[in-house]
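Trainee: Questions regarding the structure given below will be posed in turn.
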Amino acid sequence: MNKPDDTLIRNCIKNNIKNLNSVFVFPTQICASMWVDKALEFSGNQCIALERFVAWDDFKGSSIRSQHQDKNSIPATMRDIFAENIVLANSKAPFLKNIIVEKFSKSASGFASWISNVLPSLSMWKNNFEKSGADADDEDKDFLELYNRYKKFLDDNNLFDPAWETPPFNSDGKKYFIFFPEILMDYAEYKTILESSPDIELISIPEEMKETVSPYGHFYSNTRNELKDVCHYLWKMHEEKNIPWNKIAISVPDLDTYGPYLARDLDIYEIPHVQKNGKPLSSSGIGSLFSQLLGCYSEKFSYDSLKTLLLNKELPWVEPEVNNMMIQFGRENNCICSYEYNDNQIDVWEESFKYPVDSKSVERLIPFYRKLKSAVTKIIESKTFEEIRTNYFSFREKFFDFTNDNFPEENEKILSRCVSELGTLIDLESDFKQTGIFEIGSPYSFFCSYLDGKMYVPQNASNGVQVLPYRTAGCAPFDVHVIVDASQSGISVVYKQLSFLRDDKRRRLGFTDDSNITQNFILLYAMNSQQEVLFNCSEKTIEGYSFTNSYLTQLDHRPGKNKNTDDFAVNDSYVCERDSYLNNSKENFPLKLYRAEKAGFEKWLLMSNKDGTMSENSLELISEKVRKRFVSDGKVKVSVTDMKSFYGCPRSFLFKKVYKLEQSDSAATLVNQYAIGNVNHLILELFFKELRTRNMALEYDEATASIPELHKKILVESVYNGILQSEYSHLSKQLFLTTRTAIETSIIDSVTVLSQNFNGYKVFQVEETYELHNEEKKYFFKSKVDCLLSSPDGELALIDFKTTENSVPKNLYWDGEESVPDFQLPVYKYVLENQDKPLKIDACCFYSIRECGLKIAYSKIENIQPTRKSDFNEKFEMTTGRCLSLAEDYAEYVLNMDFSPSIINLDPSDCTSCEFKSVCRRTFAVSPCRD
């Protein structure tokens, strides 16, 4: 395929550059700027006025005036203001019936941007609608109402909309050359006025080129291979053809998706590059400040909205430590959101300041919160844009420090640009204030939406390959241009006139065909690339599957397919290194290594020189922590909880129990997942202590299937006191109090069933801690027992309460093999029965509070027996022996600092859900389940 050339643009400029009234109009500013530089090379001119090379958007605003030479073109922002005013006016006295249904008129602020986009097309719609002779329905009447109101606004303010203009075109003596108007999205709206003017010359793609030119499309199996081959190709162009990096461009249809992957490969292969895709000002951390302020106000300073603002590290906070304290306070005190109670609006922060879980930071946080809330409220409730700016500067003086050396220059530029855009709105407000058009619902909300639509392109000083959005540089004269993801969906471009109408209405107005200009863009890239153009796509993309665009001639690079082009990957050092290692040969080892490759190799070499053992210093540090946490007087303190954690995974035990690692989580919840269980335990503890104080027994009336009223009264009091005495925040306690009746019912039902099983039993002990020491052992037991009940005959029953049935161990007994049984009841019984004053335990049970379920593990009491008796007591005694043996081993492991996973038969699948799997890999540099 012969590559088309760029003689259309080149000849036009060369033939007309000497005429100082000639103006060259390009689709985008990128194309215009590059052709200025290019023209200096071939035109013979020493200098060229930049204003003679303009972008289409600039040309529309400054040159298309038609017969209204005494009027100004309406600024695009004023369309948005006008649309906001329309929505507000319609909410007060509805005049739109179809576009905005009347019952939704008061909550239709989201329609403003849509109405703003429709305004330029209303003149075309009106002309075609009148020609069609169709009867107007409610939708047509709404569009006509918008047209009339917009026209009146333009006329009253000496403005005109370029898209509404009609011939003749007055050029002020200039000759305009418009390149490739067929690729412009809105050209149809200006087509009549431009084609009728003798002072405008349209340069289009020759029709014969569309029939004879079909560039190659290189087709790969997946995007990873595609992007890697792009890097190989660029190096080949740079080294073999001496093409400078800054004369190479890569165009990408979806830069948001492909940009990070492309940048990664370009960095790996050390190709300098500059990504020039504009992003909304509000998309960056620093630019999101204004929307975050609005979020705080609209969400009544909820925890999430404040966390988003205060933990925005791109903002130069004066006291970031206070921000962290505020978020920590909110999490501890469950400050999720403000709420309404008894027709009063309760500020959850102010309420929590009165009853904090920990009061040490309150004195500092109260003035900070009140000052922040007042400043934010003033900004959001500003009546004018000028007032917004005044209140914003007041806010930043109180909370920001721009003298901080850590505040990046790029962030300062973005924030300054946001303030500059606010200045633009202030200027418009000043110019059009008398019209009343600025009477909009919320100036600040409009400003935030306005920033969402303002694109910001960082002015990167680095020199390299230009990475651009597809369509922005179709006729820019780069030496080499690469188009990534040139698939059917990726580079297809179809324009649809009056797209706001249904298809049947568009056909009625004569718009039967959509404008498919995909081929035009492909040809522009091909003809304007000075040396080569490369279209690439993949079968398996980042987001799915695709195929080569139908306007390209496919060259298949997939494995097993015929390739009719050069292999750009020849001598790739990454491939050479891999093959050298796989073949155990130095023959193909690369002579050159990229920086990333070299760093990885050196790190591997460094690690390979070590035997993987811990240093003596590391062992000593760990030993010190272990001794402090688990050893007392030279003996290991053994608890059921610690043993259960250790035999679950020794490494997990090390991270959790020794290093006290935990997942970093700044989220706030109303109550944590264990709260109700802990409250229930506390309620039962208070209840049983009161029974013991009064020397009262558990009682159950078979006739009424209930417990005595006095017991119920004590329980109700225990519920109230348990909630208030719990360690949770004021808000959590208030929530529990609102559900107090339900808690009382649940607890009474649970105690009723427990009393039925242990009728006549008295409380012997509640929440008591016991220790068991043996001079011959290297360890001692420490256990905290929930409850001991004593029968009328003096038999003792050990009860351990569980919140739900799911928390009760499923397998209570050792299976005689290498398994680890549940330690709890066997160890508790052993500890109690071996005290200096032994307590003979006649029954051991779990009791689930929610399901009122009793699970008996051991019992010598006649009326306390499991459903299946069999030899359960013998199994329990055997399990006790296994638990004591494991306790002995546990003590040895701890004293010897052995936390190897080989201690237990760990299933590698268990590591998948482990919260420490990532830190385990980083610490030991191997799979978590290996030594």
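Throughout, the working numbering is defined as the position within the sequence shown, counted from one, plus 111. Quick reminder that beta carbons are idealized off the backbone N, C-alpha and C, glycines included.
#1: Going by C-alpha distance, which of L265, I491, Y287 is nearest V165?
#2: In this structure, does DSSP put C158 in helix, strand or coil?
#3: Pick from Y890, Q876, S307: whose alpha carbon is nearest that of I910?
#4: Can you tell me which of the three DSSP states K237 falls into?
#5: If I measure Cβ to Cβ from I211 and keep anything under 7 Å in the same chain, skipping five residues before and after, which residues do I get?
#6: Suppose contacts are defined by Cβ-Cβ distances below 9 Å. Is V96 in contact with L772 by that definition?
#7: Should I226 and I185 be called a contact, given that it needs their Cβ atoms to be closer than 9 Å?
#8: Can you give the Cα-Cα distance for I304 and L295, rounded to whole angstroms?
#9: Distance, Cα to Cα, D947 vs S902?
#10: DSSP on N130, reduced to helix/strand/coil?
#11: Please go through the same chain and pick out, in chain order, the residues whose beta-carbon is closer than 6 Å to the beta-carbon of K129, but skip the five residues on each side of it.
#12: Given a cut-off of 9 Å on the beta-carbon distance, is the pair D624 and K339 in contact?
#13: Which residue spans inside the stretch 215-289 form an unbroken beta strand (DSSP E) run of at least 3?
#14: Since S144 and I124 are thought to touch, with beta carbons under 8 Å apart, how far apart are those beta carbons, to the nearest angstrom?
#15: Between the Cα of V931 and the Cα atoms of P920, Y939, M1008, which residue gives the shortest distance?
#16: Which same chain residues, not among the five before or five after K489, have their C-beta less than 6 Å away from its C-beta?
#17: Would you mind sorting E276 into buried or exposed? The rule is 16 or more other CB atoms within 10 Å of its CB.
#18: Indicate the three-state DSSP secondary structure (helix, strand or coil) for M638 in the structure shown.
#19: If you run the structure through DSSP and keep just helix, strand and coil, what is G406?
#20: What does the alpha-carbon distance come out to for the pair F506 and Q403?
#21: Per DSSP, which residues does N333 bridge with? Please list them.
#22: Excluding sequence positions up to five away, which residues of its chain have a Cβ less than 7 Å from the Cβ of S463?
#23: Can you give, in chain order, each stretch of the beta strand (DSSP E) that sits fully within the stretch 911-968 and has at least 3 residues?
#24: Using the Cα positions of Q456 and L848, report the straight-line distance between them to the nearest angstrom.
#25: Just how far apart, CA to CA, sit G389 and G396?
#26: Once DSSP output is grouped into helix, strand and coil, what is the label at L854?
#27: The alpha helix (DSSP H) spanning T188 covers which residue range?
#28: Check I893 in the structure and name its three-state DSSP category.
#29: Provide the residue(s) that pair with P391 in DSSP beta bridges, ordered along the chain.
#30: Would you tell me roughly how many angstroms separate the C-alpha atoms of V591 and N353, rounded to the nearest one?
#31: Is L539 near the ligand MG, in the sense that its beta carbon is under 8 Å from a heavy atom of that ligand?
#32: Under the DSSP definition of a beta bridge, which residues are partnered with V468?
#33: Take Q599 and list the residues in its own chain whose beta-carbon comes closer than 8 Å to its own, dropping the five residues that flank it on each side.
#34: Report yes if the C-beta distance between V605 and N631 is below 9 Å; otherwise report no.
#35: Can you check DSSP and say which residues form a bridge with W460?
#36: How many whole angstroms separate the CB atoms of L663 and A584, which I take to be in contact at a CB cut-off of 8 Å?
Mentor: A quick look at the data gives this:
#1: Y287 is the residue among L265, I491, Y287 whose C-alpha sits nearest the C-alpha of V165.
#2: In this structure, C158 counts as coil in the three-state DSSP scheme.
#3: When only C-alpha atoms are compared, the closest one is Q876.
#4: In the three-state scheme derived from DSSP, where H, G and I count as helix and E and B as strand, K237 is classed as helix.
#5: Within the same chain, I211 has close Cβ partners N201, A219, F222.
#6: Residue 96 is absent from the structure shown; the chain starts at 112 and stops at 1042.
#7: When the beta-carbon positions are compared, I226 and I185 stay at least 9 Å from each other.
#8: Straight-line Cα distance between these residues: approximately 15 Å.
#9: Going by C-alpha positions, D947 is about 22 Å away from S902.
#10: Of the three classes helix, strand and coil, the one that applies to N130 here is coil, per DSSP.
#11: Result list for K129: empty, nothing under 6 Å.
#12: No, they are not a contact pair.
#13: DSSP runs (the beta strand (DSSP E)) wholly in the stretch 215-289: none.
#14: About 14 Å separates the two Cβ atoms, so there is no contact after all.
#15: For the residues P920, Y939, M1008, the minimum Cα distance to V931 belongs to P920.
#16: Result list for K489: N502, in chain order.
#17: Buried is the call here.
#18: In the structure shown, M638 sits in a helix (DSSP, three-state: H, G or I).
#19: When secondary structure is reduced to three states using DSSP, G406 falls in the helix class.
#20: Between F506 and Q403, the C-alpha separation is close to 14 Å.
#21: In DSSP, N333 forms a bridge with K651.
#22: Excluding positions up to five away in sequence, the list reads N444, C446, S840, H841, L842.
#23: Within the stretch 911-968, the complete beta strand (DSSP E) segments of 3 residues or longer fall at 952-959, listed in chain order.
#24: It is roughly 19 Å from the alpha-carbon of Q456 to the alpha-carbon of L848.
#25: So the two alpha carbons sit approximately 15 Å from each other.
#26: It is Ile, not Leu, that sits at residue 854 in the sequence shown. Helix at I854.
#27: First-last of the alpha helix (DSSP H) with T188: 187-203.
#28: One point to set straight first is that residue 893 is Lys, not Ile, in the sequence displayed. Strand.
#29: Per DSSP, the beta bridge partners of P391 are M566.
#30: Their backbone Cα atoms lie some 11 Å apart in a straight line.
#31: With respect to small molecules bound, the structure shown includes none, and the ligand MG cannot be examined in it.
#32: Its beta-bridge partners do not exist; DSSP assigns none.
#33: S657, F658, T659, N660, S661, listed in sequence order.
#34: Going by C-beta atoms, V605 is not nearer than 9 Å to N631.
#35: W460 is not bridged by DSSP to any residue.
#36: Their Cβ separation, rounded to whole angstroms, is 18 Å, which puts L663 and A584 out of contact at 8 Å.
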